[in-house]
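Right, one structure below, let's go through it.
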Amino acid sequence: MGNLLVNTRDQQFAIFEQFGMDKIFESEEYGGYSKDDILMILNEAEKMAVNVIFPTLKESDHEGCTYKNGVVNVPKCFHEPWKKYTEGGWLNPMDSPDVGGQGLPHMAGWAAYEILSAANYAFGMYGGLTHGAANMINTHGSEELKNKYMYKMFSGEWGGTMCLTEPGAGSDVGALKTTAKRLPDGKFLITGTKIFISSGENDLVPNIIHPVLARIEGDPAGTKGISIFIVPKIRVNDDGSLGEPNDVKCGGIEHKMGIKGSATSTLNFGEDGNCIGELMGEERAGMRIMFQMMNEARLGIGMQGVCLSSAAFQHAVAYAKERIQGVPVWEMMNKNAKAVPIINHPDIRKKLMWMKSHVEGMRSMMIFIAYCMDRSKISKTEQEKADWEGYIELLTPIMKAYCTDKGFLICSMAMDVYGGYGFCSEYPVEQFTRDEKIATIYEGTNGIQALDLVGRKLGQRKGANVMNMAGLIQKTIAKAKAVPEFAKTTAYMEEASNALIDLAMFFAGAGKAGDFLAPIYNACKFLEIMGDVVVGNFLLDAAVIAQEKLNAMYEAKGLTTVGKQKGFQREDQEAAFYAGKVASAKFFANENLTTVKARCQAIKDGDKSALELVDLGFTI
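When the letters of the sequence shown are read in order and numbered with our numbering, they come out as residues 3 to 622.
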């Protein structure tokens with residue numbers, strides 16, 4: 003079934019041909035699944051996305067969420083899809099059957115989420131926040147908390163949030179003012195205000211479970227003094243039924259540029275002095291516990307970059323094939339030349355190729371992270387498990403920041419393909435662009451992700467994660483060197499990889515010398531460079547596989563000339579697909595990797611104009 007959201011053939015390539023899910027099926031954990039099972043599940047996800055969720059995109063954006071007297075109504079069109087979504091088990095397909103999940107491999111689950119999220123990301127956020135909160139309770143909560151809240155959250159009967167941000171404590175979480183006062187029965191009175199809370203209040207579910215960061219009275223300032231509490235909107239009786247309201251009030255919702263169907267709320271806890279919270283985990287371990295959900299959310303937001311850029315690209319290609327305007331450049335002097343679809347124009351074609359290569363490369367990185375999750379889960383030794391989890395740790399800030407930065411550019415470029423119509427609500431690409439922009443900002447701005455990369459992730463495990471990634475890239479380069487078609491592309495890849503490693507060593511040297519300014523000042527540029535190298539690696543790896551498949555096809559049909567091979571590609575969808583994978587790698591390398599060495603050198607040259615300019619110099 004074709005769709006204008008996600009190239010499912012490319013998903014299948016990454017899952018089965020590039021990363022080999024078949025290996026996962028050999029494990030005890032996932033031995034109950036087969037390729038046919040996965041394809042059936044992904045087909046059902048596609049049906050849900052295309053037939054149930056995508057029809058809500060425009061309507062939910064137009065209607066938005068409404069607030070009146072503390073009550074938040076989500077778009078009416080969300081209610082029936084939410085019921086189908088949760089009843090279909092799409093809220094937690096990768097979790098254990100013990101908690102109501104399907105035990106699906108992460109590679110398959112993420113592929114399903116990509117297309118479900120692409121259909122309407124604002125809708126998907128309600129499930130994403132609920133899953134994250136429930137999963138955190140599953141990992142860190144007591145049996146009492148699990149029985150009381152988790153199961154109804156995983157089923158979608160109740161919702162969930164993540165309550166960190168406060169009016170004076172956004173990125174600086176340690177400055178929070180929300181307090182927790184100890185009660186004789188071991189529970190706590192919670193008092194404070196949280197802002198920008200996605201899904202904070204809504205009428206999709208009768209109860210919402212809030213994990214709230216707060217400081218117990220008397221605990222130290224900063225992040226070390228923060229604990230985490232489970233605070234339900236409605237108190238839950240011992241028999242599991244809903245009791246009285248828990249003094250959690252919605253003070254309003256934000257009126258946003260995009261994701262208008264997502265209720266972004268201000269929540270006031272304990273206005274009447276009667277908000278009860280239950281401690282989760284140990285006291286003063288709040289940030290460590292919350293990081294589980296934060297990292298899950300960061301990867302999910304990276305997926306937002308992938309899925310919305312995928313949808314924008316798919317729509318742009320379809321439009322470019324249909325929109326008739328202008329004559330081909332080679333017919334410019336022919337007065338009788340007929341107008342052609344705009345996909346024939348070089349500038350449009352290059353835009354589409356830029357979008358295609360980035361979307362495919364980012365999707366490949368996304369599936370690789372999911373692959374690492376699966377390999378970690380079935381690892382036989384602690385060392386093996388640590389190595390796979392190391393890839394995830396290293397790539398999380400890149401997945402979040404790189405994919406959302408490029409995602410926004412791709413959505414904007416899709417608007418350019420549409421021309422003036424792209425700026426009009428008649429077509430969905432302008433909404434994709436608006437919905438995508440927030441992804442570069444929330445869950446830690448991309449600047450914060452860059453600081454996390456250079457300040458924490460590069461040095462984790464004494465640099466072992468970085469070296470493992472470098473080793474993976476070297477393996478790709480070695481494989482590609484054996485394929486004559488990739489001589490130039492491989493050379494670009496090798497030069498870029500070496501330049502990146504050299505820059506990382508430069509940062510390490512600067513840090514040892516006490517010069518932390520160089521990596522901090524250039525953190526965003528470093529993340530983009532590393533993102534280019536990592537994505538370029540996955541594209542090249544995919545291209546080697548695709549070229550092997552193409553060569554086998556050509557040999558089987560006796561196609562020995564370029565002309566005959568091109569003709570075959572025009573007639574055979576599979577051949578065209580594999581040729582597209584090869585083209586993506588070559589194009590990306592030429593566009594992105596050829597500039598890496600120069601960008602690295604520019605960082606090492608040490609220009610600090612932005613820092614040296616006096617504040618007054620920024621004014622008119």
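Glycine is no exception: its CB is placed at the ideal position from the N, C-alpha and C atoms.
Computed from a prediction, not measured in an experiment: that's the story for all the values here.
Enumerate in chain order the residues of its own chain whose CB-to-CB distance from residue i is below 7 Å, with the five nearest sequence positions on each side excluded.
i: C165; result: K196, I199, H212, P213, V214, L215, L269
i: S267; result: V74, I199, G202, E203, C252, I255
i: G33; result: F27
i: D617; result: none
Between residue i and residue j, what straight-line distance do the alpha-carbon atoms span, to the nearest angstrom?
i: M3; j: R286; result: For M3, the predicted structure reports a pLDDT of 42, less than 50, and the residue's modelled location is therefore unreliable. The matter cannot be settled from this model.
i: P399; j: L455; result: 6 Å
i: N470; j: G260; result: 38 Å
i: S611; j: G461; result: 28 Å
i: P83; j: I55; result: 6 Å
i: F80; j: G254; result: 20 Å
i: A591; j: G511; result: 29 Å
i: Y429; j: G263; result: 18 Å
i: A113; j: N338; result: 48 Å
i: A47; j: K78; result: 22 Å
i: K71; j: E65; result: Note that residue 71 is Asn in the sequence shown here, rather than Lys. Roughly 18 Å separates the two Cα atoms.
i: A388; j: S311; result: 32 Å
i: N524; j: L541; result: 26 Å
i: G105; j: M96; result: 5 Å
i: E614; j: V175; result: 29 Å
i: T492; j: E146; result: 56 Å
i: G188; j: E280; result: 8 Å
i: K86; j: I26; result: 29 Å
i: K658; j: G560; result: The structure shown does not extend to residue 658, since the chain spans only 3 to 622, so no value can be given for it.
i: A480; j: Q306; result: 33 Å
i: R601; j: M507; result: 15 Å
i: W390; j: K379; result: 9 Å
i: C67; j: I440; result: 17 Å
i: Y556; j: S36; result: 30 Å
i: V432; j: Y423; result: One point to set straight first is that residue 432 is Glu, not Val, in the sequence displayed. C-alpha separation (whole angstroms): 9 Å.
i: C426; j: Q294; result: 40 Å
i: K588; j: A548; result: 12 Å
Starting from the C-beta of residue i, find all residues in its chain whose C-beta is less than 6 Å away, skip the five residues before and the five after it, and write them out in chain order.
i: I40; result: A110
i: G272; result: I192, T193, D249
i: R351; result: none
i: V8; result: E116, I117, A120, S312
i: A372; result: H108, M109, W112
i: C374; result: W390, Y393, I394
How about residue i and residue j: do their beta carbons lie closer than 7 Å?
i: G363; j: V537; result: yes
i: F570; j: A581; result: no
i: H632; j: D534; result: With the chain running from 3 to 622 in the structure shown, residue 632 is simply not present.
i: I228; j: R217; result: yes
i: V74; j: N204; result: yes
i: A403; j: A120; result: no
i: M289; j: M357; result: no
i: T163; j: L131; result: yes
i: S366; j: A544; result: yes
i: L529; j: M401; result: no
i: I139; j: Y151; result: yes
i: A472; j: K599; result: no
i: N122; j: L59; result: yes
i: G409; j: C526; result: no
i: E219; j: K183; result: yes
i: G161; j: T88; result: no
Can you list, in chain order, the residues of its chain whose CB lies under 8 Å from that of residue i, leaving out five sequence neighbours each side?
i: L354; result: F315, A318, V319, A322, I345, V419
i: G245; result: I236, R237, V238, N239
i: V331; result: H347, P348
i: I369; result: Q13, A16, I17, Q20, F21, M109, W112, A113
i: R463; result: A388, G392
Please identify the residue among the options whose C-alpha is closest to the C-alpha of residue i.
i: V308; options: E428, L131, E438, A548; result: E438
i: M296; options: A506, G134, G224, G90; result: G134
i: A452; options: C277, K464, T406; result: T406
i: A177; options: R184, L185, E168; result: E168
i: L552; options: L206, C277, D574, A498; result: D574
i: E487; options: T141, N94, K583; result: K583
i: K514; options: V485, G457, S144; result: G457
i: F156; options: G446, E324, G91; result: G91
i: E550; options: R325, V485, E284; result: V485
i: I412; options: S499, I475, V361; result: V361
i: K148; options: G242, A171, L93, A587; result: G242
Can you give, in chain order, each stretch of the beta strand (DSSP E) that sits fully within the region 271-296 and has at least 3 residues? 278-281
In chain order, what are the residue ranges of uninterrupted alpha helix (DSSP H) at least 4 long that sit wholly in the region 17-55? 23-27, 37-49
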